[in-house]
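Numbering (mature numbering (1 follows the signal peptide of the UniProt record, and there is no 0)), first residue to last: -21 to -1, 1 to 115.
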C-alpha cells in the first residue's frame, strides 16, 4: 500500500507544472487587457491580423511538441494543437496567410514579445517587460 501511495505522489509531482495556469502575454504597447476565448483563438489561428489600434499582430508560439503549447492550445484556445498546425499549414500552402513565429523556449518567448511591438504569445508566468492579458 505504501508503494502505491509513493507512486501516486510521484505522478502528482511530475504533473504539477502542467497544472499551472498559462498566461497570455503581449508587448506593453498592445492596447488590450482582456480577450474572449474566441478572440484569442482568432488571433492564434491568424484570422485576426490587427489590434484595434491598427497595429499588426505578431504571434509567437512554442513548438508543437512543447507541453506548454499543448496545454495553452487545449485549455485557453479550446483547439487541439494538431488542428492549429493544420490551419497554419493551410494558410501557408494556399498563399492566403502565414504561420506564427516559433520560438524554442519560454525565455525566448518573453524576450521576443517584450522587444516586438504588437506581439502576443503565452508563458507560465509573465515578467515586468510584458503585459498580461486575461482570457474571458
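Every residue, glycine too, gets a C-beta built ideally from N, C-alpha and C.
### Query
Who are the near neighbours of residue 36 in its chain, counting only those whose CB is closer than 7 Å to its CB and skipping five residues on each side?
Counted from its first residue, the chain shown places residue 36 at position 57. Close CB contacts of residue 36 within its chain, under the 7 Å cut and outside five residues either way in sequence, are with 22, 27, 28, 29, 30, 97, 99 (chain order).
### Query
What's the call for residue 39, buried or exposed, on a 16-neighbour Cβ count within 10 Å?
Here residue 39 refers to the residue found at position 60 of the chain shown. By the neighbour-count rule (16 or more Cβ atoms within 10 Å), residue 39 is buried.
### Task
Please state whether DSSP places residue 2 in a helix, a strand or coil.
As a first step, residue 2 is located in the chain shown; it is residue number 23 there, counting from the start. Strand.
### Task
Go to residue 111, then tell me how far its alpha helix (DSSP H) extends in each direction, as first and last residue.
Here residue 111 is taken as the residue at index 132 of the chain shown, counted from 1. Counting along the chain, residue 111 falls outside any alpha helix (DSSP H), though it belongs to the beta strand (DSSP E) covering 110 to 114.
### Query
Based on Cα-Cα distance, which residue from 70, 45, 109 lies nearest to residue 9?
By 1-based counting over the chain shown, the position of residue 9 is 30. Among 70, 45, 109, the Cα nearest to that of residue 9 is on 109.
### Query
For the alpha helix (DSSP H) that residue 23 lies in, which residues bound it at each end?
Along the chain shown, read from residue 1 onward, the residue named residue 23 stands at position 44. DSSP places residue 23 inside the alpha helix (DSSP H), whose first and last residues are 16 to 23.
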